[in-house]
Each structure stands twice: as C-alpha cells, then as structure tokens.
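Mapping the sequence shown onto our numbering, position 187 (from 1) lands on 180, and the numbers just tick up by one. Each residue gets a CB set at the ideal place from its N, CA and C atoms; glycine is no exception. Here is the structure we will look at, set down as structure tokens.
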Amino acid sequence: MSRFRRIVLTGASGGLGRALAERLSAPGVELLLTGRDAGRLAATAAACRARGATVEIAQADVCDAAAMAAALGAFDAASPVDLLVANAGVSSGTRPGGRDETAAEARRVWEINVLGMLNTVDPLAGAMAARGAGTIALVSSMAALRPLPDMPAYSASKAAVRAYGAALRGRLGPRGALVCVICPGFVTSPMSARHKGAKPFEIGAGRAAEIMARGLERGRPLITFPWPLALLTWLGARLPPRLSDWATRGFAAEIAPERGDDAP
C-alpha cells in the first residue's frame, strides 16, 4: 500500500502524467489532478476513480500563479498533501523544414516548464516545511544532464528544474520535507511522438510511471531512467566539448508542433 494518501499531480491530461496518476491511484488515495484539456483531464480522473481513488480536478494553467495557489491551497487546507508532483511541461525545438525555434516559442517553454513549476511548488512548499512532512517531486529530463542541440530551450528549462530541485532539497530536507528530482529519458507519449528522430531506449509510459512511483515510495532524492541512456548521457557529458557536441548531433531531429500551436 502506498504511503501517499493525498496527492497533487500537474500535467495529468495524458502521457506520463496520466500513467503516473493511474499508478498512484488506489482505495483511500485522494488526488487533485490539474491540466489544460478538460476532456482529457476528465478521462484521466475516470481511470483513477476506476482504480478506487477519490479524484478532484482543476482545469488550470500552471502559468496562472493565482489559480494554482487557490486550487492547491484549498486542497491542502481540507487535508494535508503528502505528495506534490510538478509534472506539467512542454517541448519545442527545430521545426519541420529545419526552422529553428523562435524566441516566442522558447519563452513559452520557459514559462511553462520553469515558472509553471514554481507556481506549483510555491503554494505547498512552506506548508510542508512547517509540518515537517511531505514529498515534492519535480519532473526534469535526461536532457538536463546533457542538453540536446535540437531542443535548446527545453534542455535549458529542464536543467533549471533539476538545479532548483537540488537546491530545494537542501533547503527543505532539514525541516522534514523531501524533494525528489526525476530525470526520464524518452517515454512513449504524445510529447515523445513529436520528436521525429532517434529515441534510444524509449520505454512505455506505464513502465516509466512504475519506476517513478517505486522511487518516490523509497524516498529517493534522484530518479533517472532508463539506466543505459543515463550511463551514456553521463559519459557523453564528460567528453571534451567538441566530441560531446558531435555525439549529440546524432540525436538531433525535427520537433513537430504540439496540438493547438500556432507554429507552422
């Protein structure tokens, strides 16, 4: 049985977020799921309820600090949250035809991946520290360990998430709140499907959710998977810059716009 009974998960509309929400669902578990797509969010909620969980949903944009504070604050006030997963994120990069991502696209990635993460963590971090209990999980990426040439804004934003999580862990740990940084590799999902290049050691969303859930249960400060790609990334980051740049160019590819983007 999971030790987490009150859980907040952002980016729960689909992909890895939905898989993790379902994996964490069980009788006695209460979830607050947030996302931008009301229909897909409702589908995730239904799947979690089918597994016995009690589910609330909030159609909220993580970039809306006031909306996030209101939703998360109300859920925590009803009964303390013991697991917060800041999962919401988007990717961008080289567009079809070889067009580089625009400054506007890069800013949007940063606003969602970094400021959205801050808007998720800020409403509950202080409360967890004051209680001396709770776990905060920040979903970063393997691209934070060795940035990808076709995804500069995404790589940099996830590196910022990783660094923030490491610092937050040092700040909150002595007060009893745990912080975990999660760095997945390629996970089968709509986001991964938009990457039109090599995706070495790609794993299914269900398997990824299982790895994440087990790591969180064990209180691990860092969860990085799959291990073969983690090893290659670690080694690649230690090569001389010219060799490392040459090696990562082999993974470069076009990134298709996500649904609803105005980008061509």
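query                                                                                         : result
Given A123 as reference, the closest of V22, D69, E23, A79 once Cα atoms are compared         : D69
Environment of S133 [buried if 16+ CB atoms lie within 10 Å]                                  : buried
Cα-Cα separation between L131 and L236, rounded to whole angstroms                            : 30 Å
Residue from A46, S84, I129 whose Cα sits closest to the Cα of D143                           : S84
CB-CB length for K151 against A160, believed under 8 Å                                        : Not confirmed; about 15 Å, so no contact.
Three-pair Cβ contact test at 8 Å for the region 114 to 129 versus the region 26 to 46        : no
Residue span of the alpha helix (DSSP H) that contains T181, given as start and end           : Where T181 is concerned, there is no enclosing alpha helix (DSSP H), given that its DSSP letter is neither H nor E.
Endpoints, alpha helix (DSSP H) assigned at I204                                              : 198 to 210
Contact under 8 Å by Cβ, V180 with R155                                                       : no
Coarse secondary structure for F68, derived from DSSP in three states                         : helix
Beta strand (DSSP E) runs wholly inside the region 72 to 158, at least 3 long, in chain order : 76 to 79, 128 to 132
Supposed close pair A14, V55 - CB separation, criterion 8 Å                                   : Contact doesn't hold; Cβ gap of about 16 Å is too wide.
Spatial distance of W103 from W227 (CA atoms)                                                 : 24 Å
G163 beta carbon less than 8 Å from that of M135                                              : no
Closest by C-alpha distance to G45, when choosing among L17, A12, K192, R29                   : L17
Whether L65 touches F(-3) by CB criterion (8 Å)                                               : no
Span separating the alpha-carbon of A31 from that of R168                                     : 37 Å
L34 - containing alpha helix (DSSP H), residue span                                           : 31 to 43
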